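Student: In this note's numbering, the protein residues as written are 830 to 900.
Even glycine gets a Cβ: it sits at the ideal position worked out from N, Cα and C.
In this text, all values refer to a predicted model and were calculated from it rather than measured experimentally.
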Amino acid sequence: MPKYYEDKEEDNRACAGIREDFKACLLQHDCVVKDGKLPSECLKEGHCKALQTSFFERSVGEKRFRGKKGY
830 MPKYYEDKEE DNRACAGIRE DFKACLLQHD CVVKDGKLPS ECLKEGHCKA
880 LQTSFFERSV GEKRFRGKKG Y
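(1) Mind checking which residues open and close the alpha helix (DSSP H) that includes G865?
(2) For a cutoff of 8 Å on Cβ pairs, would you count L855 as touching chain D?
(3) Express the C-alpha separation of V862 and F851 in angstroms, rounding to a whole number.
(4) What residues in its chain sit with their C-beta under 7 Å from that of E870, if we drop five residues either side in the sequence?
(5) Rounded to whole angstroms, what's the CA-CA distance from L880 to Q857? Just pull it up for me.
(6) For D884, count the other beta carbons within 10 Å of its own beta carbon; 16 or more makes it buried, fewer makes it exposed. Which is it?
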């Protein structure tokens, strides 16, 4: 369930909602909170995998749809 709400500070970047949920998932996961590991270490272990996949697929799709910049 998404936790991104409209009353937060406005973020016009692509996939702002997924980005916020992904960040919250990592920072609130037991791997970070209880074990004291860095979020990057928890990603390598496979935590929050669904949000990570969704976020990176959408951000790559945006670039692919718009094309390369500077041409």
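Tutor: According to the data block:
(1) Element bounds for G865: n/a, residue is neither H nor E.
(2) The structure shown contains no chain D; it is built from a single protein chain.
(3) 15 Å
(4) none
(5) 14 Å
(6) Checking the displayed sequence, the identity of residue 884 turns out to be Phe instead of Asp. When all chains shown are included, F884 counts as buried.
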